[in-house]
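Protein chains in written order, with this note's numbering: chain B, 1 to 123; chain R, 1 to 230. Backbone N, C-alpha and C fix where the C-beta goes; we use that ideal spot for every residue, glycine too. Right, one structure below, let's go through it.
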Amino acid sequence: MTVRAAGLLARFALESGRLTDSIVKPKLFEPNRALELSVFRVDGLVHDQIRDLGDRVVEKHPAARKLHGWGEFLESAVREAGLRVERDDDPPRHADIVGWPQDPSERKQRQQILASRSYPVRL
Amino acid sequence: MEFQKTTTDPVVSPAGAPHPSVTVAITELAEHDEPAGIPWTGLLRPDGKQTSFRQPLRGFREVWTSVAPARVDFLFRQGGFTLPVDVHCFRGVPRKVAPNAWIVRCPDPDRESLKQEVYSLSKQAGAGNWDGEGALALAPETVDIAQKLIDQLPGYVARPDVAATPHGEVDFDWVIARDMMLAISIGPSREIAFSGLFRGARLNGCEPWTGKLPQFVHCCLERLRGARIE
């Protein structure tokens with residue numbers, strides 16, 4: 001069991017088609033209408049604990065049916081994309097990635113940067 | 001000149017929905033525009049490639065049956081002279097654009113399928129808050145432009161992932177590798193937004209939709225060409 005390193009974040013995939021065996025697709029990092037992207041801090045957790053965290057997210061999400069996996073990335077990738085992480089721990093370990101530009105092409109570029117710095121964990 | 005049109009699907013598609021494959025009977029065209037007795041011997045494509053038929057074909061109908069669903073823009077005859085053939089098949093209706101000028105274009109099943117997928121998005125994301133987080137509804141005009149954009153994609157382009165965004169956009173995504181990807185989208189602003197990672201290079205921008213795919217997007221698609229999907 002691998003304990004995740006400090007500063008590691010996870011974005012849960014609640015829809016299919018967001019992950020392949022080797023790639024996290026940019027669509028996984030699409031912010032909502034309010035330009036917030038919900039993520040979780042997973043430093044110090046092992047695989048099963050992260051999965052449990054994701055299952056709880058699925059239970060509370062109005063449209064999600066199952067957890068397809070997640071993309072793991074370091075907080076430094078968020079800074080590289082010109083964004084920032086705001087912790088609220090509601091629920092525990094939850095944070096939002098904010099600072100998204102309004103311009104759609106700029107926004108998608110940041111999604112692509114995060115995807116390029118992420119690693120998929122498929123279930 | 002009237003043309004007969006038959007369709008394999010008797011159901012009339014709702015407005016905006018791409019037509020299913022249609023079979024076009026162009027017998028009348030052959031009778032009125034093709035000098036009798038002169039067969040078609042091959043194809044000359046816009047890229048200069050030539051394909052000879054195994055045997056000469058008589059009449060546009062035979063040509064249509066033989067070459068569909070490939071795109072055909074020119075036919076040439078015995079004797080070497082080229083007759084531009086432009087039978088524009090817009091939703092199965094042939095269209096004459098000039099004397100002896102017809103556009104022959106068969107519906108590309110992959111493109112039609114992609115258009116259908118885009119049309120389906122209008123059902124999934126046609127109402128506000130479709131994601132439970134305040135997403136904008138996809139406007140019919142956005143879906144319409146997205147379908148027209150599909151028609152503009154070069155023939156070598158692989159099928160993209162298609163999705164609606166919370167911001168009222170239709171996204172086309174090509175993900176080749178973690179450092180090789182391109183996204184094109186159309187949204188309420190009627191601008192084509194594009195963004196790509198190309199092995200270390202980062203490109204993005206917006207251009208207004210003028211009915212044609214922006215040249216810069218063509219360049220981005222060309223950069224993906226030949227890249228192998230990981």
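Chain R within 7 Å of residue i, Cβ atoms only
i: B:Arg-33; result: yes
i: B:Ala-63; result: yes
i: B:Gln-109; result: yes
i: B:Lys-66; result: no
i: B:Gln-102; result: no
i: B:Ser-105; result: yes
i: B:Ala-23; result: A quick correction: the sequence has Ile, not Ala, at residue 23 of chain B. At least one chain R Cβ lies under 7 Å of B:Ile-23.
i: B:Ser-38; result: no
i: B:Ser-76; result: no
Rounded straight-line distance, which links the Cα of residue j to that of residue i
i: B:Gly-54; j: B:Leu-67; result: 7 Å
i: B:Ala-13; j: B:His-61; result: 12 Å
i: B:Tyr-119; j: R:Asp-110; result: 31 Å
i: R:Ala-125; j: R:Ala-164; result: 7 Å
i: R:Leu-153; j: B:Gly-7; result: 41 Å
i: R:Arg-71; j: R:Ala-146; result: In this prediction, R:Arg-71 has a pLDDT of 43, which is less than 50 and means its spatial position is unreliable; nothing more can be read from the coordinates.
i: R:Leu-136; j: R:Met-180; result: 29 Å
i: R:Gln-116; j: B:Ala-81; result: 34 Å
i: R:Val-143; j: R:Lys-212; result: 15 Å
i: R:Met-158; j: R:Leu-224; result: In the sequence under discussion, the amino acid at residue 158 of chain R is Ala, which differs from the Met named in the question. Approximately 9 Å, taken between the alpha carbons.
i: R:Ala-183; j: R:Glu-133; result: 23 Å
i: B:Arg-4; j: B:Glu-15; result: 24 Å
Nearest neighbour of residue i, chosen from the options [CA to CA]
i: R:Glu-207; options: R:Ser-195, R:Arg-199, R:Gly-200 and R:Ala-201; result: R:Ser-195
i: R:Leu-149; options: R:Asp-171, R:Leu-136 and R:Ser-120; result: R:Asp-171
i: B:Phe-29; options: B:Arg-122, B:Gly-44, B:Arg-107 and B:Val-121; result: B:Arg-107
i: R:Ala-193; options: R:Ile-176, R:Gln-215 and R:Arg-178; result: R:Gln-215
Interface flag, residue i vs chain B, CB-CB below 7 Å
i: R:Val-217; result: no
i: R:Met-180; result: no
i: R:Gly-205; result: yes
i: R:Ser-122; result: no
i: R:Gly-211; result: no
i: R:Gly-134; result: yes
i: R:Val-175; result: yes
Outcome for residue i when other beta-carbon atoms lying within 10 angstroms are tallied against a minimum of 16
i: R:Asp-173; result: buried
i: R:Ala-127; result: exposed
i: B:Lys-27; result: buried
i: R:Cys-219; result: exposed
i: B:Asp-21; result: exposed
i: R:Glu-222; result: exposed
Continuous beta strand (DSSP E) assignments of at least 3 residues falling wholly in the segment 161-224 of chain R: 161-164, 170-177, 180-186, 191-198 and 201-208
Quick one: complete alpha helix (DSSP H) runs, 4+ long, within the segment 8-66 of chain B? Considered as a whole, the segment 8-66 of chain B harbours 47-60 as its complete alpha helix (DSSP H) runs of no fewer than 4 residues, in chain order.
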